[in-house]
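Engineer: So the sequence shown is numbered by this note's numbering: it starts at 2 and just counts up by one.
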Amino acid sequence: MPKDATPPSSPARADSGPSRGRAPCWPRPTTPGERAKPSLHACPRTPTCWWPSASEPATSSTPCWADATCASSSSSHASRCSTPPSLRRPCPSSACAASRSPIASRISWRCCNSPTVPGSAFTSQRTRAWRAPIRSSCARSRPGSDAPRIFSTSTGAPFASGPGPGPTRPSRTPGRPWADATIENTRPALDLPPVGLLKGSLAGAPAVVCAAGPSLTKQLPWLARNREKVVVLAIGQSLAALEAAGIRPDLVQMIETQDVSHQLTAVQALAEQTLVLSVQAHPKLYQLPVARRIVGWDRSNPIGTWLATLSGEPRTLRTGGSVAVSAVYLAAFLGAPRVLLIGQDLAFTGGERYAKDSVYGGMGVEEDPDGQIFYTNLKTKADLFDRPTPERELAPGTLRVEGWDGGEVLTDRNYASFREAYRSVGAQLAGEGCEGLNCTEGGARIPGLEHLPFAAALASLPEAPVRARERIDEALSRAQPAEPGRVDEAIRKVRVELEGTRRLAARCRARCTDALRRSGSTVEVGRLRRVQKVEKELRKRVSRLPMLEFLMQQELQELVASSLRGPELGERNRIERSAQLSLAVEGAVDRLDPLLQTLFASD
2 MPKDATPPSS PARADSGPSR GRAPCWPRPT TPGERAKPSL HACPRTPTCW
52 WPSASEPATS STPCWADATC ASSSSSHASR CSTPPSLRRP CPSSACAASR
102 SPIASRISWR CCNSPTVPGS AFTSQRTRAW RAPIRSSCAR SRPGSDAPRI
152 FSTSTGAPFA SGPGPGPTRP SRTPGRPWAD ATIENTRPAL DLPPVGLLKG
202 SLAGAPAVVC AAGPSLTKQL PWLARNREKV VVLAIGQSLA ALEAAGIRPD
252 LVQMIETQDV SHQLTAVQAL AEQTLVLSVQ AHPKLYQLPV ARRIVGWDRS
302 NPIGTWLATL SGEPRTLRTG GSVAVSAVYL AAFLGAPRVL LIGQDLAFTG
352 GERYAKDSVY GGMGVEEDPD GQIFYTNLKT KADLFDRPTP ERELAPGTLR
402 VEGWDGGEVL TDRNYASFRE AYRSVGAQLA GEGCEGLNCT EGGARIPGLE
452 HLPFAAALAS LPEAPVRARE RIDEALSRAQ PAEPGRVDEA IRKVRVELEG
502 TRRLAARCRA RCTDALRRSG STVEVGRLRR VQKVEKELRK RVSRLPMLEF
552 LMQQELQELV ASSLRGPELG ERNRIERSAQ LSLAVEGAVD RLDPLLQTLF
602 ASD
């Protein structure tokens, strides 16, 4: 080991003045629990986290998270450091990069101890004052760490802790990021029939959307007796309950980016089901042994809409904030003049959270004598996700809203937000000539929808069978494979555009580096203008590639947040943000171009 390399167990190095020579590259251990050893030749493409010294003034501190000291390794990020060597410091929490965390090999890797925006290359004096006490305790990725952990109430993912203005965003959510899932699903999705073929295929046929709320149980006998009069759409959570009632849905909608394949694997008739899969759904959902899969090109996903055009079927599907809302949109897309919604309680009806025979049936809510609300039987769901969870815990953010029958019902903030989202859903359905009816007969009253008992709604429907499966089969029989030549030509043009964008981003980064290294506390006007000119051109190029911008969502959000946190900083800060934008663009190109090359290699 070089004598000037600092071992991971020496966090004091960060405050010991300017570093000399090379700082170590921290590879991940090869076995669980193994302590990483510094090495200059074993870089696993892991950007090392650099921090400024707490003793340096804010104007000259520029933390670098791209390791330029790994020049002797095979790291593709070795030349992307825009920080002068005298300002670099090794991250005291080197166990982050040394751990087996899967985020360590990503270009947007960040240390969970950062009190500012994760991955950001900017800092300010007010955050540095409280950073030192938490530097050496990484609660996110150090194996066996006993540092305090703060969990998000919405996702259960750990936040970084510290006495600062608030927790940072979690390093990783339990679900697979939808951009990554879209990329992984691209090849299988192009081989599937697109949902656009079903546009208007069931015109005139009323549809029933089955959510998984507690009131679903009492409505299923009515649905079973009137099965042939309606198109039945289910979601993964409600499929088991429908099977228990002897009902096979015509379509099952799945949009989840988490691995929720367990929602379907317990269904005995899984091989008879037809799934409508969002292009950003978890890849394991594409591997389920079902009768048929249909890819739902999501109009809010730029990569998906572009691929839909290449497939020859550009019609895309609107999705909502929940899978049940997405199923309502699917029903309208099929041409249903009326959509009857059941099991959409959006509240804790009768102390239950899900329908009796659904995959999460048994989870409940109870109120103590002192008025505190608790979730119960949590392991019913947590065990399926292999997530450590207590059997009972306090329910945060509970409130009471107007019920289906006019009284008050208990709900939480998540359900309440979905309830409010239906205001726009109802308006959109009406604009498409579709009537939305809430026939749940329980739970919360949903604004934007008409409320009608399920039996009365069914009685008003025509008696003639809708022949949903036959019409779906007929529509899907028109599926045509994408033209290889057309696809290859489109890919070639995009790759040429990506290469030009990569070169422009590198030029922008080089100008930022030059401006920072040649200036003192302020940046020369001429250099600042040159940076602004090339950055403007870079932004235009990115705007012409929506799929590239889609892959940069996280980095762009971090840049915006950083700008809001430090608007008082001057020219140097703007240059640093330009450099970070360039890095984000290069990273997005590095992710997208290999995908295109692998799937459609025309070279």
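C-beta atoms are modelled at their ideal positions from N, C-alpha and C, and glycine is treated no differently.
Would S418 and G322 qualify as a contact pair, given that the criterion is a beta-carbon distance under 9 Å?
Structural biologist: Locating residue 418 in the sequence shown gives position 417, counting from the first residue. Locating residue 322 in the sequence shown gives position 321, counting from the first residue. Yes; because the gap between Cβ atoms is below 9 Å, this pair is in contact.
Engineer: Take C440 as the anchor and find which of C211, G363, R188 has the nearest alpha-carbon.
Structural biologist: Counted from its first residue, the sequence shown places residue 440 at position 439. Residue C211 is the option with its Cα nearest to C440.
Engineer: According to the Cβ coordinates, are Q1 and V360 closer than 9 Å?
Structural biologist: Absent from the structure is residue 1, since the part of the chain shown begins at 2 and ends at 604.
Engineer: Assign G362 to one of three DSSP states: helix, strand, or coil.
Structural biologist: Here residue 362 refers to the residue found at position 361 of the sequence shown. Coil at G362, not helix or strand.
Engineer: Below 6 Å CB to CB, which residues in the same chain sit around E451 once its five sequence neighbours on both sides are set aside?
Structural biologist: Taking the sequence shown and counting its residues from 1, one reaches residue 451 at position 450. Taken in chain order, the residues that qualify are L438.
Engineer: Count the other C-beta atoms from every protein chain shown that fall within 10 angstroms of the C-beta of Q264, then say buried if there are 16 or more, exposed otherwise.
Structural biologist: Here residue 264 is taken as the residue at index 263 of the sequence shown, counted from 1. By the 10 Å Cβ count, Q264 comes out buried.
Engineer: Does the distance from the CB of D515 to the CB of R528 come in under 9 Å?
Structural biologist: Locating residue 515 in the sequence shown gives position 514, counting from the first residue. Locating residue 528 in the sequence shown gives position 527, counting from the first residue. Yes. Within cutoff.
Engineer: Within the continuous beta strand (DSSP E) that includes I343, where are the two ends?
Structural biologist: Start at 1 with the first residue of the sequence shown, and residue 343 comes out as number 342. That run of the beta strand (DSSP E) goes 339 to 343.
Engineer: D369 by DSSP, collapsed to three states: which one?
Structural biologist: If you number the sequence shown from 1, residue 369 lands on position 368. In the structure shown, D369 sits in coil (DSSP, three-state: anything other than H, G, I, E or B).
Engineer: Please confirm whether E556 and A511 have their CB atoms less than 9 Å apart.
Structural biologist: Looking up residue 556 in the sequence shown gives position 555. Looking up residue 511 in the sequence shown gives position 510. No, Cβ-Cβ distance for E556 and A511 is not below 9 Å.
Engineer: According to DSSP, is G437 part of a helix, a strand, or is it coil?
Structural biologist: Here residue 437 refers to the residue found at position 436 of the sequence shown. Looking at G437 - three-state DSSP - the assignment turns out to be strand.
Engineer: On the CB-based measure, 16 or more other CB atoms within 10 Å of its CB, does A428 come out buried or exposed?
Structural biologist: Locating residue 428 in the sequence shown gives position 427, counting from the first residue. With fewer than 16 other Cβ atoms within 10 Å, it is exposed.
Engineer: For P58, count neighbouring C-beta atoms within 10 Å of its own C-beta (all shown protein chains included) and say buried if the count is 16 or more, exposed if not.
Structural biologist: In the sequence shown, residue 58 corresponds to position 57, counting from 1. Confidence is the limiting factor: at P58 the pLDDT is only 31, short of 50, which leaves the residue's position unreliable, though a coordinate-based value still follows. Exposed, since its Cβ has fewer than 16 Cβ neighbours within 10 Å.
Engineer: Pull up the DSSP beta-bridge partners for I374, would you.
Structural biologist: Here the question's residue 374 lines up with position 373 in the sequence shown. Answer is E368, bridged to I374.
Engineer: If you draw a straight line from the alpha carbon of R136 to that of E559, how long is it in whole angstroms?
Structural biologist: Counted from its first residue, the sequence shown places residue 136 at position 135. Counted from its first residue, the sequence shown places residue 559 at position 558. Because R136 carries a pLDDT of 25, less than 50, the predicted location of this residue cannot be relied on, and no value is offered for it.
Engineer: So what's W293 in DSSP terms, helix, strand or just coil?
Structural biologist: Here residue 293 is taken as the residue at index 292 of the sequence shown, counted from 1. The sequence shown places Arg at residue 293, not Trp. R293: strand per DSSP, three-state reduction.
Engineer: Please name the residue in A246, D406, S583, K541 whose C-alpha comes closest to that of A348.
Structural biologist: Sequence index remark: in the sequence shown, residue 348 carries index 347 (1-based). Of A246, D406, S583, K541, the residue nearest in Cα terms is D406.
Engineer: With the cut-off set at 9 Å, would you say A446 and E403 are in Cβ contact?
Structural biologist: The residue given as residue 446 occupies position 445 in the sequence shown. The residue given as residue 403 occupies position 402 in the sequence shown. The question names Ala, yet the displayed sequence has Arg at residue 446. Cβ atoms of R446 and E403: closer than 9 Å.
Engineer: Would you call the segment 183 to 191 and the segment 297 to 305 in contact, with 3 or more CB pairs under 8 Å?
Structural biologist: In short, these stretches touch, since the Cβ pair count reaches three.
Engineer: Quick one: what's got a C-beta closer than 6 Å to S56's C-beta in the same chain, skipping five residues either side?
Structural biologist: As a first step, residue 56 is located in the sequence shown; it is residue number 55 there, counting from the start. Interpretation of S56 is limited by its pLDDT of 33, a score under 50 that renders its predicted location unreliable; no figure is taken from the coordinates.
Engineer: From I291 to A180, what does the alpha carbon distance come to, in whole angstroms?
Structural biologist: Within the sequence shown, numbered from 1, the residue matching residue 291 stands at position 290. Within the sequence shown, numbered from 1, the residue matching residue 180 stands at position 179. The sequence given here has Val at residue 291, not Ile. When rounded, the distance between both Cα atoms is 25 Å.
Engineer: Tell me the DSSP secondary structure of L41 in three-state form.
Structural biologist: Against the sequence shown, residue 41 aligns to sequence position 40. Here L41 scores only 28 on pLDDT, less than 50, and its place in the model is too uncertain to base an answer on.
Engineer: Once the 5 residues before and after A476 are set aside, which same chain residues still bring their CB inside 6 Å of it?
Structural biologist: By one-based count along the sequence shown, residue 476 stands at place 475. Correct list, in chain order: L198, L199, S202.
Engineer: Would L596 and I184 qualify as a contact pair, given that the criterion is a beta-carbon distance under 9 Å?
Structural biologist: Taking the first residue of the sequence shown as 1, we reach residue 596 at position 595. Taking the first residue of the sequence shown as 1, we reach residue 184 at position 183. In this structure, I184 lies closer than 9 Å to L596 by Cβ.
Engineer: Given this structure, state the Cα-to-Cα distance separating T412 from E367, to the nearest angstrom.
Structural biologist: To locate residue 412, count along the sequence shown from 1; it is residue 411. To locate residue 367, count along the sequence shown from 1; it is residue 366. Computed Cα separation, rounded: 12 Å.
Engineer: Using three-state DSSP, classify I473 as helix, strand or coil.
Structural biologist: Taking the sequence shown and counting its residues from 1, one reaches residue 473 at position 472. Note: I473 maps to helix in three-state DSSP.
Engineer: Return the residue from the list M255, Q274, S544 that minimises the CA-CA distance to Y330.
Structural biologist: In the sequence shown, counting from the first residue as 1, residue 330 sits at position 329. When only C-alpha atoms are compared, the closest one is M255.
Engineer: In the DSSP assignment, what are the bridge partners of L395?
Structural biologist: Locating residue 395 in the sequence shown gives position 394, where the first residue counts as 1. Paired residue(s): F375.
Engineer: Can you give me the C-alpha to C-alpha distance between P116 and I236, rounded to a whole angstrom?
Structural biologist: Translated into the one-based positions of the sequence shown, residue 116 becomes position 115. Translated into the one-based positions of the sequence shown, residue 236 becomes position 235. Unreliable positioning characterises P116 in this predicted model, as indicated by a pLDDT of 29, which lies under 50. The coordinate reading is nonetheless provided below. Straight-line Cα distance between these residues: approximately 39 Å.
Engineer: So what's V590 in DSSP terms, helix, strand or just coil?
Structural biologist: In the sequence shown, the residue the question calls residue 590 occupies position 589. Helix at V590.
Engineer: Taking C-beta to C-beta, are P1 and E550 nearer than 9 Å?
Structural biologist: This structure cannot speak to residue 1, because the chain is shown only from 2 to 604.
Engineer: Using DSSP's beta-bridge definition, name the partner residues of G404.
Structural biologist: As a position in the sequence shown, residue 404 is number 403, starting the count at 1. For G404, which the question treats as bridged, DSSP gives the partners A445.
Engineer: Determine which residues share a DSSP beta bridge with V232 and list them.
Structural biologist: By one-based count along the sequence shown, residue 232 stands at place 231. Note: V232 sits in a beta bridge opposite A208.
Engineer: Pull up the distance between the alpha-carbon of E490 and that of R542, whole angstroms please.
Structural biologist: Indexing the sequence shown from 1 puts residue 490 at position 489. Indexing the sequence shown from 1 puts residue 542 at position 541. Distance between the alpha carbons of E490 and R542 is about 20 Å.
Engineer: Looking at C-alpha atoms only, which residue of G443, L400, L430 is the closest neighbour of S327?
Structural biologist: The count along the sequence shown starts at 1 and reaches residue 327 at position 326. The shortest C-alpha separation from S327 is found at L430.
Engineer: Using the three-state DSSP reduction, which class does P595 fall into: helix, strand or coil?
Structural biologist: Indexing the sequence shown from 1 puts residue 595 at position 594. DSSP places P595 in helix when its eight states are reduced to three.
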